[in-house]
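Have a look at the structure below, then the notes.
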Amino acid sequence: MAATGSEQQGTKAFYVSTPIYYVNDAPHLGHAYTTVAGDVLTRWHRQRGEKVWYLTGTDEHGQKIMRTAEANGVTPQEWCDKLVEEAWKPLWEHLEIANDDFIRTTQPRHTARVQEFVQDLYDKGEIYQGGYEGPYCVGCEEYKTPGELLDGENGVKLCPIHKRPVEMLKEENYFFKLSEYGPKLLEYYERHPGFIQPESARNEVINFVKQGLQDLSISRSTFDWGIKVPWDDKHIIYVWVDALLNYATAVGYGADQAKFESTFPADVHLVGKDILRFHAVIWPAMLMANGLPLPGRIAANGWLMVGGEKMSKSNLTGISPRQLTEHFGVDAYRWYFLRAIQFGQDGSFSWEDFSARYTSELANDFGNLASRVAAMVGKYFGGTLPGATAHGPAEQALADSLARTVADADEKIGEQLDFSAGILAVFDFIKQVNGYLTEQEPWKVAKDSSEQAQARLATILYTAAESLRAIAVLLNPVMPTTSEKLWLSLGAEPPLGPLAAQRVQDTGTWGTLPAGATVTKGEILFPRLEEPKNA
Ligand code: MSP
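For the sequence shown, the residue numbers in the numbering used here are 202 to 736.
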């Protein structure tokens, strides 16, 4: 297959992945949180003009899916097809997720390559036959150690994440020699301090590996919903080994060498903290064993909590992403979770907090600024943006602050994945522009018809509109629909081209929006909220 036609042919893509989600049920707020974060990160890098590859998808094998399908009286494949097409893909579309690919682990492009990868490990002597006896959580699809289990009633042992009984497995399995990779992994973490993020996650992984790794059972033999072990068809490949390989098979591993080399490995694997060890221990060891390069970074996000518990399918308290987008709109939804929760930490959702931030930050600070400026350019200059002939210290202070804001947001969002700090930097700038207008009082200046006053009025409104031009670019990765509306209302498109073509690194260049642009009062960016139906 030929490499995709792009002006950056030959350079490696900035490759970001989400976990591939289990399709035993419809997506909830927690899944959407990780997927939106990845979307904002990749849109930010696109806005820098980089070649980007954003991958998401679904994890369709294993006991959890098999049992759900059985309980619903359909085959696992029918179940997965239905959920993917009716629930998962439509939600990502609704949330404006701009993924470049969507991998399903039941696709032949994946299954065939997984078999090859595992066969290679077997041929290299990395896999041996043995038996596993011990606890397993079907919710996590994970072998557990007795020490990590919680005590339930009547001596029943519970999974610490799902708080449900674990099952005792006794199976003939194949094992991967994971135990041999401990020292190599520790050395790798040491040499690459940014490999696991945040610091708390890195420390947890290092402590875990230092305690000594057990070999990993990589096959199951008591059910058959999975990819067959190529040399022994009584076994299927353990669902996590199958799933992790999606990051390689989706970008051409073993099938399209040019694409693989220009994409793999991922620069950032976004994962929930519950699946950190799979990504920071097992996945790198699998890659080392097969001589493949390791990812740039494993970035763990915290959990969205409801009532002090991890939000999950069984603990949703009735909130679905669509209920929130119906009430607040898609852009506010994309903005809220990244703005309100420090990425990497747990965070709680509440209608009250969302409503309060919507009203104060989006509607009052940002939305009002945009509508006030457009209204004044309309009223005083007939909708044609005037030039800034009286640019003075107050304007220069704002221009300087913009340059700092751009650098700060770029570092926080684009590099550190500190979305809340990056968004806050932009909203601080919005506050400064509001403060500037309050101080300059253009509505009073407008009453004086002297030439000097009119030049001041023109300069004030130019300054505010030019600030909004930059705000539209900086918020485009987070709130694409709102930013587009703002871009169009500033009349920026004919002179400057589409919003997507603006570069982050040029955004701080003051004076980019030319005088003469046609400013129109577009629709209200953030309408007043109705009473929530389900609060
Ligand atoms: N299928 C595996 C992942 C395989 S990746 C090779 C899996 N799927 S999952 O559907 O159970 O969850 C995947 C991810 O969803 C979590 O790691 C996390 O990124 C996200 N979240 C699920 N619930 C969440 C919260 N309550 N809060 C934040 N994120 C959560 O594990």
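The beta carbon of each residue, even a glycine, is placed where N, CA and C say it ideally should be.
| Query | Result |
| --- | --- |
| Exposure label - TYR390; buried when at least 16 CB within 10 Å | buried |
| Closest by C-alpha distance to PRO485, when choosing among GLN320, LEU495, PHE318 and ALA533 | LEU495 |
| Spatial neighbours of ALA600 in its chain, beta-carbon cut-off 7 angstroms, leaving aside the 5 residues before and after | TRP711 |
| Counted within 10 angstroms of its Cβ, other Cβ atoms place VAL357 as buried (16 or more) or exposed | exposed |
| In DSSP terms, what PRO366 is bridged to | LEU359 |
| VAL285 beta carbon near the ligand MSP (any heavy atom closer than 8 angstroms) | no |
| Host alpha helix (DSSP H) of VAL705 (start-end) | VAL705 -> no alpha helix (DSSP H), and no H or E assigned at all. |
| Contact test: PRO220 Cβ vs the ligand GTP heavy atom, cutoff 8 angstroms | The ligand GTP is absent from the structure shown, which contains only the ligand MSP. |
| 8 angstroms CB neighbourhood of ASN502 in its chain, flanking five on each side removed | TYR234, THR235, ALA238, LEU471, VAL472, GLY473, LYS474, PHE544 and GLY545 |
| Residues that DSSP places opposite LEU505 in a beta bridge | GLY548 |
| For PRO699 and GLU297, believed in contact at Cβ under 8 angstroms, the rounded distance | Contact flag wrong, Cβ pair sits at about 16 angstroms. |
| GLY231 CB to nearest heavy atom of the ligand MSP below 8 angstroms | yes |
| Identity of the residue in GLY508, ASP443 and ARG670 nearest ALA571 by Cα | ARG670 |
| Whole runs of the beta strand (DSSP E) within the segment 216 to 292, excluding any shorter than 3 residues | 253 to 260 |
| Member of PRO394, LYS265 and ILE397 whose CA lies at the smallest distance from the CA of ASP425 | LYS265 |
| Proximity of GLY395 and LYS371 at Cβ, strictly below 9 angstroms | no |
| Residue nearest to LYS345 in terms of C-alpha spacing, selected from LEU414, GLU327 and GLU294 | LEU414 |
| For GLY379, the nearest candidate out of THR590, PHE479, TRP293 and PHE465 (CA to CA) | Gly is not the amino acid found at residue 379; the sequence shown has Leu there. Selected option, being the one with the closest Cα: PHE479. |
| Nearest to LEU242 (by Cα), restricted to the options GLU261, MET577 and VAL217 | VAL217 |
| Cβ pair PRO522, HIS262 closer than 9 angstroms | no |
| Unbroken stretches of the alpha helix (DSSP H), 4 residues or longer, contained in the segment 374 to 431 | 383 to 392 and 400 to 411 |
| C-beta contact flag for THR212 and GLY258 at 9 angstroms | no |
| PHE582, enclosing alpha helix (DSSP H) - first and last residue | 569 to 582 |
| Cα-Cα separation, SER621 to GLU279 | 40 angstroms |
| Which residues DSSP lists as bridging PRO336, in chain order | MET369 |
| Other residues of its chain near HIS232: CB distance less than 8 angstroms, five sequence neighbours each side excluded | TYR222 |
| LEU143 vs ILE499 beta-carbon contact at 9 angstroms | Any property of residue 143 remains undetermined from this structure, which presents the chain solely from 202 to 736. |
| MET512 Cβ short of 8 angstroms to the ligand MSP heavy atom set | yes |
| Check whether SER690 and VAL720 have beta carbons under 9 angstroms apart | yes |
| C-alpha gap between LYS290 and ALA272, whole angstroms | 23 angstroms |
| Burial state of GLU342 (16 or more Cβ within 10 Å) | buried |
| Test item: CB-CB of LEU230 and PHE529 under 9 angstroms | no |
| Heavy atom of the ligand MSP within 8 angstroms of THR235 beta-carbon | yes |
| beta-carbon ALA444 near the ligand MSP non-hydrogen atom, thresh 8 angstroms | yes |
| Sub-9 angstroms separation of LYS429 and ILE437 beta-carbons | yes |
| Coarse secondary structure for HIS470, derived from DSSP in three states | strand |
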